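Each protein sequence line maps, in turn, to chains B and L.
Residue numbers 105 to 444, in our numbering, belong to the letters of the first sequence in order.
Residue numbers 15 to 362, in our numbering, belong to the letters of the second sequence in order.
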Amino acid sequence: MVVMKMKFPFEKRVKLAQGLWLLSWVATMAGAVTFTLGCVLKTELRRRAEVMDNTEIHVVPNTLMIVGVASLGINYFAGRICQDALDAGRFPRWKNFLKPYFAVSCFFTVLMLLSVIMSYAMKGNLESSLKIGLKNGIRFYKDTDTPGRCFQKQTMDRLQMQFQCCGNTDYTDWFEVQWISNRYLDFSCKDVKDRIKSNVDGRYLVDGVPFSCCNPSSPRPCIQYQLTNNSAHYNYEHQTEELNIFVVGCREALVSYYMGLMNTIGVGVLSVFLIQASVLVSLRYLQTAMEAVAGQENTEIETEGYLLEKGVKETIMEYLDPVFKFLMLNKVEEGEATDS
Amino acid sequence: MALLKMKFPLQRRVRLAQGLWLLSWLAVLSGAFIFCLGVYLKTELLRRAEVMDNAEIHVVPNILMLVSLASIGTNWFAGRVCQDSLDTTRFPRWKRFLMGWFAVVALLCSLLVTAVVLSYALQGRLEESLKVGLRNGIRFYRDTDVPGRCFQKETIDRLQIQLRCCGNTNYRDWFEVQWISNRYLNFTSKEVKDRVRSNVDGRYLVDGVPFSCCNPESPRPCLQYHLLDNNAHYNYEYQTESLNLYSRGCRQALVDYYMELMNTIGPGVLSVILTQITVAVSLRYLQTAVEGAMALDNPEDDSDGYLLEKNLKETIQDIKTYFLILYMRNKINLESDDADAAEKATAS
Numbered sequence: 105m106v107v108m109k110m111k112f113p114f115e116k117r118v119k120l121a122q123g124l125w126l127l128s129w130v131a132t133m134a135g136a137v138t139f140t141l142g143c144v145l146k147t148e149l150r151r152r153a154e155v156m157d158n159t160e161i162h163v164v165p166n167t168l169m170i171v172g173v174a175s176l177g178i179n180y181f182a183g184r185i186c187q188d189a190l191d192a193g194r195f196p197r198w199k200n201f202l203k204p205y206f207a208v209s210c211f212f213t214v215l216m217l218l219s220v221i222m223s224y225a226m227k228g229n230l231e232s233s234l235k236i237g238l239k240n241g242i243r244f245y246k247d248t249d250t251p252g253r254c255f256q257k258q259t260m261d262r263l264q265m266q267f268q269c270c271g272n273t274d275y276t277d278w279f280e281v282q283w284i285s286n287r288y289l290d291f292s293c294k295d296v297k298d299r300i301k302s303n304v305d306g307r308y309l310v311d312g313v314p315f316s317c318c319n320p321s322s323p324r325p326c327i328q329y330q331l332t333n334n335s336a337h338y339n340y341e342h343q344t345e346e347l348n349i350f351v352v353g354c355r356e357a358l359v360s361y362y363m364g365l366m367n368t369i370g371v372g373v374l375s376v377f378l379i380q381a382s383v384l385v386s387l388r389y390l391q392t393a394m395e396a397v398a399g400q401e402n403t404e405i406e407t408e409g410y411l412l413e414k415g416v417k418e419t420i421m422e423y424l425d426p427v428f429k430f431l432m433l434n435k436v437e438e439g440e441a442t443d444s
Numbered sequence: 015m016a017l018l019k020m021k022f023p024l025q026r027r028v029r030l031a032q033g034l035w036l037l038s039w040l041a042v043l044s045g046a047f048i049f050c051l052g053v054y055l056k057t058e059l060l061r062r063a064e065v066m067d068n069a070e071i072h073v074v075p076n077i078l079m080l081v082s083l084a085s086i087g088t089n090w091f092a093g094r095v096c097q098d099s100l101d102t103t104r105f106p107r108w109k110r111f112l113m114g115w116f117a118v119v120a121l122l123c124s125l126l127v128t129a130v131v132l133s134y135a136l137q138g139r140l141e142e143s144l145k146v147g148l149r150n151g152i153r154f155y156r157d158t159d160v161p162g163r164c165f166q167k168e169t170i171d172r173l174q175i176q177l178r179c180c181g182n183t184n185y186r187d188w189f190e191v192q193w194i195s196n197r198y199l200n201f202t203s204k205e206v207k208d209r210v211r212s213n214v215d216g217r218y219l220v221d222g223v224p225f226s227c228c229n230p231e232s233p234r235p236c237l238q239y240h241l242l243d244n245n246a247h248y249n250y251e252y253q254t255e256s257l258n259l260y261s262r263g264c265r266q267a268l269v270d271y272y273m274e275l276m277n278t279i280g281p282g283v284l285s286v287i288l289t290q291i292t293v294a295v296s297l298r299y300l301q302t303a304v305e306g307a308m309a310l311d312n313p314e315d316d317s318d319g320y321l322l323e324k325n326l327k328e329t330i331q332d333i334k335t336y337f338l339i340l341y342m343r344n345k346i347n348l349e350s351d352d353a354d355a356a357e358k359a360t361a362s
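Rendered as structure tokens:
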């Protein structure tokens, strides 16, 4: 039972070969575009690597880059094959090459689709990575004298200013952490001593935020300290004040930024996937149509092209058979080895 | 005695025409490139238009855009001419335009040179314009409730954050201006009343700066207020503190930014001028060589190409006599018109 049979007169075969040659060049450029998109995404992720706890999300741009490079090779061969396709003398030498070629090409094309799905599936992973990274950034904000952590303050400040966000979930995260270093606290002062005594760990906690949380769109000069104390500032009510500091948390801001980026990239990759799939389908039709011509005296007869010779299940079994045989052979050899 | 005469056999003429055709397309592309540069410069100047007092500096990108559009036209024309140059029937119709073309190209090149010179010469004017614009921005920082000025605060804040600068000349400019609006001052408080009384105009002046002056590279949380009071903060000495706020003034930051932009654009413009001059010289040689060939008995013989038919002195003399004759002719025409008018007057 043949899958998707089509008739191919000589003219149609010629047109198919020519169209496929052009399409393979378009697909090559599309593959280069995919590689570039992967590089862009990787660069953007690396820029904020300091506020990410792990690099699991990097599998998406890595896959895109691998697929981009692979598709350059796939489409190069597709172009060469269809150049030789109409020449009955040169086409047979590709015969043994085509089966593994299709297997590899299908694998990479499916991988392209998988990378787009992954970019949505890994959103939760990204979010938890950012949660931990930002928590550490806020905790080590004051350690500008500790080697290895001395840039956390600058990183957090620039991040909050650039993404117009404050804190991890929101600005109250700054209230739970001592972000003012002991080097700048006067321990002989009563206010400082009171605050430190007021909590178990002896930390100097304030209801204040760093300057980078300040919103330039606010009509009044920024209020950074004593945010929950309405009487500390004239004409101020912290429950209704919303323009003073940024209300968005940095985790949410970063996740929406990266999701936006991956959405844009996903659209591009999906169109590349469509181009690549059409190249493979056209090549398969061309191959089967030309194989029927081989050995015939009149090369201009009408032939039939199809996608799969047998049904889908049988074809999959056919491909997996050698893999199983290889595995079984290994098992049998191991069994013999243990016996003896 | 012609200026810079060269022999042009047929092959060389053909090669010259082909090379010139390619070169003219290259010149069209570089004209488009200069147009893009001009648009980019104009966009950058418009982005900061709120802190500039006048728009005199805009003459540089305007010239670049106009000249590049004109040069696209002239180079396309040059391409057409050299396409027709090897065809003796089609070449003569371009003959009349070529003199004017050379004049136009000379004008365009001089305008481009002017643009480059202006971009350096107008630096002082730009600085003045920014000085006044920034002074107003700082003055109206607090007027977030006054229509027309309500965005000054956001503009100045974002400018200081983006360009990493503070104030006009430096951060002390904020000490001389009341940048905290009266709406947020508690006039029943003793401290406020003291400050307001302490100066003639009744302004609330502080030795403090807005949050946008804060430098993220500072190891300590930003100190915004009581900047001149060493006792107000622990372990603080304002004379030696250099990382707390941005040390650069916004005027200097903006001038540096725009000068860097114009320095990058300058070499591009100069290379385009060179390309244009090369096109003009090649076209002159092609014109004279082809005209010389057309005058010969056998058009495929060698001909001479030159830049000027006579040498420089004689050419200038020729031009002078041409204009003198034109002037004399006009004078005679005017005199005869006057005589006619006088006759008519006496007759009537």
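C-beta atoms are modelled at their ideal positions from N, C-alpha and C, and glycine is treated no differently.
Bear in mind that the values here come from a model prediction, so they are computed numbers and not experimental data.
Who are the near neighbours of residue i in its chain, counting only those whose CB is closer than 7 angstroms to its CB and skipping five residues on each side?
i         : result
L/Glu-58  : Leu-275
B/Ser-382 : Leu-127
B/Arg-253 : Phe-244 and Asp-247
B/Tyr-288 : none
Let me make sure I understand the geometry here. Which of the options has the alpha-carbon closest to that of residue i?
i         : options                                       : result
L/Ala-31  : L/Phe-47, L/Asp-101 and L/Tyr-54              : L/Asp-101
L/Ser-143 : L/Ser-226, L/Tyr-336, L/Gln-266 and L/Asp-351 : L/Gln-266
L/Leu-9   : L/Leu-219, L/Asp-316 and L/Arg-156            : Any question about residue 9 of chain L goes unanswered here, given that chain L covers just 15 to 362.
L/Ser-226 : B/Ile-405, B/Arg-307 and B/Cys-326            : B/Cys-326
B/Ile-405 : B/Val-107, B/Val-118, B/Val-106 and B/Val-155 : B/Val-118
B/Ala-131 : B/Ala-182, B/Asp-157, B/Asn-334 and B/Ala-121 : B/Ala-182
L/Cys-228 : B/Glu-408, B/Leu-202 and B/Arg-262            : B/Arg-262
L/Ser-232 : B/Ile-300, B/Ser-285 and B/Ala-357            : B/Ser-285
L/Ser-203 : B/Ile-221, B/Asn-333, B/His-337 and B/Tyr-288 : B/His-337
B/Lys-203 : B/Gly-399, B/Thr-392, B/Leu-309 and B/Lys-146 : B/Thr-392
With a cut-off of 8 angstroms, does the C-beta of residue i fall near any C-beta of chain B?
i         : result
L/Asp-370 : Nothing can be reported for residue 370 of chain L, as the shown portion of chain L is limited to 15 through 362.
L/Ile-194 : yes
L/Cys-228 : yes
L/Cys-236 : yes
L/Glu-9   : Limits of chain L in this structure are 15 at one end and 362 at the other, which puts residue 9 of chain L out of reach.
L/Asp-101 : no
Nearest chain L C-beta to residue i closer than 8 angstroms, yes or no?
i         : result
B/Pro-251 : no
B/Ile-221 : no
B/Thr-276 : no
B/Phe-211 : no
For residue i, collect the residues of the same chain with a Cβ closer than 8 angstroms to its Cβ; drop the 5 residues on either side in sequence, then sort them by chain order.
i         : result
L/Leu-112 : Val-95, Leu-297 and Gln-301
L/Thr-289 : Leu-37, Leu-40, Ala-41 and Ser-44
B/Ala-134 : Ser-175, Ser-375, Val-376, Ile-379 and Gln-380
B/Glu-422 : Lys-414
L/Gln-192 : Arg-156, Arg-217, Tyr-218 and Leu-219
State buried or exposed for residue i, treating a residue as buried only when at least 16 other CB atoms are found within 10 Å of its CB.
i         : result
B/Val-385 : exposed
B/Met-265 : buried
B/Val-376 : buried
B/Gln-159 : One detail in the question is off: residue 159 of chain B reads as Thr in this sequence, not Gln. B/Thr-159 comes out exposed.
B/Phe-350 : buried
L/Met-342 : exposed
B/Val-171 : buried
B/Asn-339 : exposed
B/Leu-431 : exposed
L/Gln-174 : buried
Mind pulling the chain B residues with CB within less than 8 angstroms of residue i?
i         : result
L/Tyr-248 : Tyr-288, Leu-289, Asp-290 and Cys-293
L/Thr-158 : Pro-323 and Arg-324
L/Asp-311 : Going along chain B, no residue has its Cβ under 8 angstroms from L/Asp-311, so there is no contact; the nearest lies around 52 angstroms.
L/Arg-197 : Arg-324 and Asn-339
Chain L partners of residue i, CB-CB under 9 angstroms?
i         : result
B/Ile-379 : Here the premise fails: no neighbours, minimum Cβ distance about 30 angstroms.
B/Tyr-335 : According to the sequence as given, residue 335 of chain B is Ser; it is not Tyr. Near B/Ser-335 there are no residues of chain L at all, since even the closest Cβ is about 10 angstroms away, more than 9 angstroms.
B/Arg-262 : Pro-230
B/Phe-244 : Near B/Phe-244 there are no residues of chain L at all, since even the closest Cβ is about 13 angstroms away, more than 9 angstroms.
B/Ile-284 : Arg-234 and Pro-235
Please list the partners that residue i has in chain B, where partner means a Cβ-to-Cβ separation under 7 angstroms.
i         : result
L/Asn-200 : Tyr-338
L/Glu-58  : Result: empty, since nearest Cβ-Cβ is about 20 angstroms, beyond 7 angstroms.
For a contact defined as C-beta to C-beta under 8 angstroms, what are the partners of residue i on chain L?
i         : result
B/Gln-258 : Pro-230 and Glu-231
Under 6 angstroms Cβ to Cβ from residue i, same chain only, skipping five residues before and after it: list those, please.
i         : result
L/Leu-268 : Leu-144
L/Arg-209 : Tyr-218
Whose Cβ in chain B lies nearer than 9 angstroms to the Cβ of residue i?
i         : result
L/Ile-175 : Met-265 and Pro-320
Q | Residues from the region 423-439 of chain B in contact with chain C, defined by Cβ distance under 9 angstroms | A | Here the protein chains are B and L, and chain C is not one of them.
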